[in-house]
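*Asks:* This is the structure, below, for whatever I ask next.
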């Protein structure tokens, strides 16, 4: 659990739309300037949002506003899982090995 406490300081935000990926990116950047895009695949985008910058209520409000502007097929907000932490640590180790 120390690993999660150290590297798990973010929420995972996922949104699926038919298009409008620029608007989703804009929505996320308005929630947190330090958001990190994890992937964009076939209308689904996944981002990491630092917990210290995001209030859950603001995410819900932003999504409700977005639903009025474009079609949101699905969305979710989750705490970082232990699997996410392992992947993040593994990617960091890979980058370190490449640089050294």
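Numbering (the numbering used here), first residue to last: 290 to 389.
The C-beta atom is built at its ideal place from N, Cα and C for all residues, glycine as well.
(1) What is the DSSP secondary structure of residue 293, counted as helix, strand or coil?
(2) Quick check on the burial criterion: 16 or more other C-beta atoms within 10 angstroms. Buried or exposed for residue 315?
(3) Going straight from the alpha carbon of residue 304 to that of residue 336, what length do you get?
(4) Fully enclosed by the region 306-351, which alpha helix (DSSP H) runs are 4 residues long or longer?
(5) To the nearest angstrom, how far is the alpha carbon of residue 349 from that of residue 379?
(6) Assuming contact is defined by CB atoms lying nearer than 7 Å, are residue 319 and residue 359 in contact in what I supplied?
(7) Any idea which residues DSSP pairs residue 366 with across the strands?
(8) Just how far apart, CA to CA, sit residue 322 and residue 329?
(9) Return the bridge partner residues of residue 378 from the DSSP annotation.
*Replies:* Reading from the atomic positions:
(1) Stepping through the chain shown from its first residue, residue 293 is reached at position 4. Low local confidence applies: a pLDDT of 48 at residue 293 is under 50, so the model's placement there is unreliable, with the coordinate-based value given in what follows. Correct three-state label for residue 293: helix.
(2) Here residue 315 refers to the residue found at position 26 of the chain shown. Under this definition residue 315 is an exposed residue.
(3) As a working mapping, residue 304 is identified with position 15 in the chain shown. As a working mapping, residue 336 is identified with position 47 in the chain shown. Looking at the two C-alpha atoms, the distance is approximately 9 Å.
(4) 310-320
(5) As a first step, residue 349 must be located in the chain shown, where it is residue number 60. As a first step, residue 379 must be located in the chain shown, where it is residue number 90. Taking the straight line from one Cα to the other gives about 31 Å.
(6) In the chain shown, counting from the first residue as 1, residue 319 sits at position 30. In the chain shown, counting from the first residue as 1, residue 359 sits at position 70. No. Outside cutoff.
(7) Position 77 of the chain shown, counted from the first residue, corresponds to residue 366. According to DSSP, residue 366 bridges with 302.
(8) Numbered from its first residue, the chain shown carries residue 322 at position 33. Numbered from its first residue, the chain shown carries residue 329 at position 40. In a straight line, the C-alpha of residue 322 is about 18 Å away from that of residue 329.
(9) Translated into the one-based positions of the chain shown, residue 378 becomes position 89. Beta-bridge pairing links residue 378 to no other residue.
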